[in-house]
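In what follows, a structure is listed as structure tokens, so that the remarks can point back to it.
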Amino acid sequence: MQAVKQARSYGIGEFLEIIGELSQESTKKGLLSRKTKELITFGIALHKHCERCIRIHAEDAKKLGAKEKGLEQVRKISLFMRSTPEKDEHLWSTW
């Protein structure tokens, strides 16, 4: 989040340029397939509760070959991650 705040301080033109570069870098073919990257991004969108992002990344993952079962698994992982005791050390120690 700090990086986004810093990027916004540059002005809208520079901010959009930085976001565009990050987007291009994140979708390049590499160790992870583009489909895997879209599924990860879909999970992050779920975690952030960004409805527009959820829709976009679910559609993009499907275009890259993801099945509904894969999206369902990502939804379950996201739900699990949201249900963990994030900052409660006592709960973590008893879990």
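Heads up: the sequence shown at position 22 corresponds to 39 in the working numbering, and the numbers run straight through without jumps.
Don't be surprised by glycine CBs; every beta carbon is placed ideally from N, CA and C.
Since this is a predicted model, take the numbers as computed values, not measurements.
Distance, residue j Cα to residue i Cα
i	j	result
Glu85	Leu96	16 Å
Ser110	Glu103	12 Å
Glu31	Gly37	10 Å
Thr53	Ala78	8 Å
Leu88	Ile35	28 Å
Gly28	Asp105	38 Å
Ser117	Leu56	The structure shown does not extend to residue 117, since the chain is modelled only from 18 to 112, so the question has no answer here.
Ile71	His107	33 Å
Residue from the options with nearest C-alpha to residue i
i	options	result
Val91	Leu81, Leu63, Leu49, Ile73	Leu63
Arg99	Leu48, Ser50, Ile61, His74	Ile61
Residue i: CB within 7 Å of a non-hydrogen atom of the ligand MG
i	result
Leu56	Here there are no bound small molecules, and the ligand MG is not part of this structure.
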